[in-house]
Amino acid sequence: MGAMSVKVRMAPSPTGFQHIGGVRTFLFNWLFARQQGGENLLRIENTDTSREVAEATEHVQESLRWLGIDWDGPVRFQLDTADRARDLAHQLVAEGKAYEDDGAIRFRQPTDGTVSWVDAVRGRIEFQNDKLADLVIVRSDGRPTYNFVSPVDDMLDGITHVIRGEDHVSNTPTQINILRALGADLPVYAHVPNINGEDGRKLSKRHGAVSAAEFRSAGYLPAAMVNFLALLGWSYDDKTTIMSRHELVERFSLERVVRSPATFDYKKLDWMNGVYLRNLEPQEYAHDLLRWLREQGIDWDERTVCASAPLVQEKIERFGQYPDMCRFLFEPVSPDGADPRICAAARDRLATVEPWEASRIEDALRELAEELGEKPRAAFGPIRLAVTGAKVSPGLFESLELLGRETSLERLGAAAAG
RNA sequence: GGCCCAUUCGUCUAGUGGCCUAGGACACCGCCCUCUCACGGCGGCGGCACGGGUUCGAAUCCCGUAUGGGCCUCCA
Numbered sequence: 037m038g039a040m041s042v043k044v045r046m047a048p049s050p051t052g053f054q055h056i057g058g059v060r061t062f063l064f065n066w067l068f069a070r071q072q073g074g075e076n077l078l079r080i081e082n083t084d085t086s087r088e089v090a091e092a093t094e095h096v097q098e099s100l101r102w103l104g105i106d107w108d109g110p111v112r113f114q115l116d117t118a119d120r121a122r123d124l125a126h127q128l129v130a131e132g133k134a135y136e137d138d139g140a141i142r143f144r145q146p147t148d149g150t151v152s153w154v155d156a157v158r159g160r161i162e163f164q165n166d167k168l169a170d171l172v173i174v175r176s177d178g179r180p181t182y183n184f185v186s187p188v189d190d191m192l193d194g195i196t197h198v199i200r201g202e203d204h205v206s207n208t209p210t211q212i213n214i215l216r217a218l219g220a221d222l223p224v225y226a227h228v229p230n231i232n233g234e235d236g237r238k239l240s241k242r243h244g245a246v247s248a249a250e251f252r253s254a255g256y257l258p259a260a261m262v263n264f265l266a267l268l269g270w271s272y273d274d275k276t277t278i279m280s281r282h283e284l285v286e287r288f289s290l291e292r293v294v295r296s297p298a299t300f301d302y303k304k305l306d307w308m309n310g311v312y313l314r315n316l317e318p319q320e321y322a323h324d325l326l327r328w329l330r331e332q333g334i335d336w337d338e339r340t341v342c343a344s345a346p347l348v349q350e351k352i353e354r355f356g357q358y359p360d361m362c363r364f365l366f367e368p369v370s371p372d373g374a375d376p377r378i379c380a381a382a383r384d385r386l387a388t389v390e391p392w393e394a395s396r397i398e399d400a401l402r403e404l405a406e407e408l409g410e411k412p413r414a415a416f417g418p419i420r421l422a423v424t425g426a427k428v429s430p431g432l433f434e435s436l437e438l439l440g441r442e443t444s445l446e447r448l449g450a451a452a453a454g
C-alpha cells in the first residue's frame with residue numbers, strides 16, 4: 037500500500053464553552069487532515085461523565101459544526117480508555133518502567149541522556165532527561181492522569197500527527213518517554229503558538245468575545261471566522277489574506293505555521309467579516325441575516341427584513357449591527373431634535389409624491405432642499421432624524437420607501453409638531 | 001527558582017546571507033467620492049528588542065543580555 041495516511045485529533049476539554057484559541061488549533065488539525073486526505077478525530081478529554089460534561093461536549097460539537105470543522109467517526113472520550121491505560125500502567129510496573137508511590141503509580145523517567153524531537157513547526161527541541169520528574173500516571177484512586185492517557189490514546193488511535201497548543205511543549209518529552217517505554221511509534225509533533233489578548237496575556241473575557249458561541253451571536257460569518265483564524269499563526273504568502281475554505285485546505289502547511297504567539301485583532305476580524313458580508317449574493321445575505329435574527333430571538337417581519345437587507349449590506353460588518361441600524365423599520369422612534377420647519381416642509385412635499393419609490397422621493401426632497409436654500413446634507417439630516425430616529429441610517433430615500441408613505445408622513449408630522 | 005520557547009510597523013505577517021533605502025493587510029491620519037454611516041479610490045505615518053561576534057555583505061548564522069510566554073498539580 038501507499039504511504040501511511042495522516043490521522044490527527046482535536047482534543048477539547050469539556051469546560052462548558054469552546055475557547056476561540058482552541059478552535060484555531062482544531063482548525064489547523066482540520067486543514068491539515070483535509071489537505072492530506074487523512075482523518076480528523078474528535079476526542080473529548082474528560083475525566084468524568086457528569087451531566088455538565090455531556091452538555092459541554094454537545095456545546096463543543098455545536099461550535100465546530102457552526103464553523104464547518106467536521107470530524108471523522110464517532111466522538112471519542114478519553115475516559116473510555118481509562119481501563120486500558122490502567123492495564124498498561126501495571127504492565128510498566130511489572131517491567132520496572134514505573135513504580136508504586138503512596139498508592140499512585142509513577143512513570144520512571146530515564147536518568148541520563150536527552151529526549152528530543154523535530155517539531156513540525158518549531159524545529160528540534162531537546163530536554164535533559166534528568167530534569168524530568170517521575171510523572172504520576174495513575175492516581176491513588178485508580179484514575180489514570182491526562183499526561184498518561186493522552187499519549188496512550190494517541191498510540192491506540194494510531195495518531196500520526198499531534199497538532200496542539202504550545203503549552204504542551206513541556207509535556208512532550210515525558211509523553212515521548214512513555215510512548216517509548218510502551219514500545220510505540222512516535223507521532224510527529226506540531227506545537228502551534230498561543231493566541232493572546234492585546235496585553236499579551238491569554239485571551240479572556242476582558243478582551244472581548246472569547247467563545248465560538250459569542251462570535252456567532254455577535255453576527256460573524258463562519259467563513260470569515262475560519263479565514264481570520266487560519267491567518268493567526270499561519271500565512272500563505274506575503275500578500276494573500278482573503279481565502280475560501282477550499283483555498284485554505286489546498287494551501288495549508290505546518291511548515292508555514294509561525295513560532296511566535298499572536299494577538300487577536302478584533303478590528304481586523306470585523307473588517308474581514310465585512311468583506312465576506314459584502315461578497316454574499318443579496319439573496320444569501322438576506323437569508324443569513326434572517327436566520328441570525330431568529331437565532332437571537334428577534335422576530336421582526338420577514339419581508340421587511342429581506343427588503344432592508346440590500347440597504348445595509350455595504351454598511352455593516354456584523355449582523356449584530358443590524359438591529360440598531362434598522363430598528364426604525366419595526367418599532368416607533370422618537371424624533372428628538374429634528375428641525376420642525378424642514379420636517380413640516382418635507383411632510384407636505386412627500387404627501388403628493390407618486391409613485392412612492394426611492395427615486396421619486398429623492399427628486400422631491402432635492403427639489404425641496406433647493407427651495408429651502410439648504411444644502412442636501414443640511415436638509416436631509418433632520419428628515420433622517422425624524423424618520424429613523426437616528427443620525428446614522430441606511431440610505432434616506434430607500435428608507436422612506438420601505439417605511440411607507442403613511443408612517444413616513446406620520447413621523448415627519450410628529451417632528452414638525454415637536 | 002529550574003527547564004523550554006518566543007522576539008520584524010500599534011496588530012497579523014512576508015523575509016531562511018546579497019532581490020530589503022524591509023513587502024502586504026488591518027488599524028490610524030489626510031484627500032477624493034458622498035443624503036448620514038459605510039463602500040471605493042489615492043496618499044501618508046510606522047518596524048528588524050539590545051549588545052557583541054562570524055562574513056566582502058546579516059532582519060536572516062552564533063553568543064550574551066533584556067522582555068514576554070509556557071511547563072514544573074495524584075489539573076486538562
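Heads up: take any position in the first sequence, counting from 1, add 36, and you land on the numbering used here. A virtual CB, placed ideally from N, CA and C, is assigned to each residue, including glycine. Remember, it's a predicted structure, so these values are computed and weren't measured experimentally.
For residue j and residue i, the rounded distance between their alpha carbons
i: alanine 217; j: alanine 140; result: 18 Å
i: arginine 242; j: glutamate 234; result: 10 Å
i: arginine 259; j: lysine 167; result: Before going on, a small fix: residue 259 reads as alanine here, not arginine. C-alpha separation (whole angstroms): 45 Å.
i: glutamate 320; j: glutamate 283; result: 21 Å
i: tyrosine 312; j: leucine 124; result: 50 Å
i: threonine 210; j: tyrosine 225; result: 13 Å
i: glycine 52; j: glutamate 98; result: 12 Å
i: alanine 453; j: arginine 441; result: 18 Å
i: arginine 413; j: glycine 356; result: 28 Å
i: aspartate 155; j: aspartate 189; result: 20 Å
i: aspartate 84; j: serine 370; result: 55 Å
i: glycine 109; j: glutamine 72; result: 17 Å
i: serine 240; j: tyrosine 272; result: 28 Å
i: serine 344; j: serine 86; result: 46 Å
i: alanine 405; j: methionine 308; result: 38 Å
i: valine 389; j: arginine 383; result: 10 Å
i: serine 176; j: asparagine 232; result: 36 Å
i: phenylalanine 62; j: aspartate 138; result: 38 Å
i: lysine 238; j: aspartate 116; result: 31 Å
i: leucine 265; j: glutamine 54; result: 14 Å
Beta strand (DSSP E) segment containing residue i, residue limits
i: alanine 226; result: 224-228
i: glutamate 367; result: Neither: glutamate 367 is in no beta strand (DSSP E) and is coded neither H nor E.
i: aspartate 235; result: Counting along the chain, aspartate 235 falls outside any beta strand (DSSP E), and DSSP gives it neither H nor E.
i: tyrosine 321; result: That residue, tyrosine 321, is in no beta strand (DSSP E); its alpha helix (DSSP H) goes 318-331.
i: glycine 159; result: 159-164
When the options are compared against residue i, the one with the closest alpha-carbon
i: arginine 354; options: Arg252, Glu393, Ala298, His323; result: Arg252
i: threonine 147; options: Asp170, Gly159, Gly74; result: Asp170
i: proline 376; options: Arg447, Gly333, Ala394, Leu401; result: Arg447
i: isoleucine 173; options: Ala374, Leu439, Glu136, Ala249; result: Glu136
i: histidine 227; options: Gly219, Leu239, Ser206; result: Ser206
i: alanine 450; options: Gly58, Ala381, Val389, Val96; result: Ala381
i: lysine 303; options: Arg237, Val294, Ala245, Phe64; result: Ala245
i: glutamine 332; options: Tyr256, Phe64, Glu88, Phe143; result: Tyr256
i: threonine 277; options: Val96, Ser296, Leu305; result: Leu305
i: histidine 323; options: Pro430, Gly310, Pro346; result: Pro346
i: arginine 292; options: Val129, Gly310, Trp270; result: Trp270
i: aspartate 360; options: Lys238, Met261, Leu78, Ile334; result: Ile334
Nonlocal neighbours in the same chain, by C-beta distance under 7 Å from residue i, ignoring five residues either side
i: leucine 432; result: Phe416, Ile419, Arg420
i: glutamate 437; result: Trp392, Glu393, Ala394, Ile397
i: leucine 329; result: Trp336, Val341
i: histidine 204; result: His227
i: tryptophan 102; result: Ala248, Arg252, Pro258
i: arginine 295; result: Val157, Arg158, Pro229
i: tryptophan 66; result: Asn76, Ile105
i: cysteine 8; result: One cannot answer for residue 8 here, as it falls past the ends of the chain, which runs 37 to 454.
i: glycine 58; result: Pro48
Sequence-distant residues of the same chain with beta carbon closer than 6 Å to residue i, five excluded per side
i: glycine 74; result: Ser41, Val42, Lys43
i: glycine 104; result: Pro258
i: glycine 38; result: Note that glycine 38 scores a pLDDT of 43, beneath 50, so its modelled location is shaky and nothing firm can be said.
i: alanine 220; result: Met191
Where the alpha helix (DSSP H) through residue i begins and ends
i: methionine 191; result: 182-193
i: tyrosine 312; result: 302-315
i: alanine 380; result: 376-386
i: glutamate 286; result: 281-287
i: aspartate 123; result: 118-130
i: glycine 417; result: 412-424
Own chain partners of residue i with C-beta closer than 8 Å, once the 5 adjacent residues on each side are dropped
i: alanine 118; result: Arg179, Pro180, Val185
i: glutamate 350; result: Arg314
i: glutamate 162; result: Thr150, Val151, Ser152
State whether the region 360-373 contacts the region 423-430, with contact taken as three or more CB pairs (one from each stretch) at a distance under 8 Å.
yes
When you compare the region 83-92 with the region 279-298, are there three or more beta-carbon pairs, one atom per stretch, that lie closer than 8 Å?
no
Inter-stretch contact at 8 Å, needing at least 3 Cβ pairs: the region 173-189 / the region 198-214
yes
Just checking, does the region 42-56 make contact with the region 196-207 on the three C-beta pairs under 8 Å criterion?
yes
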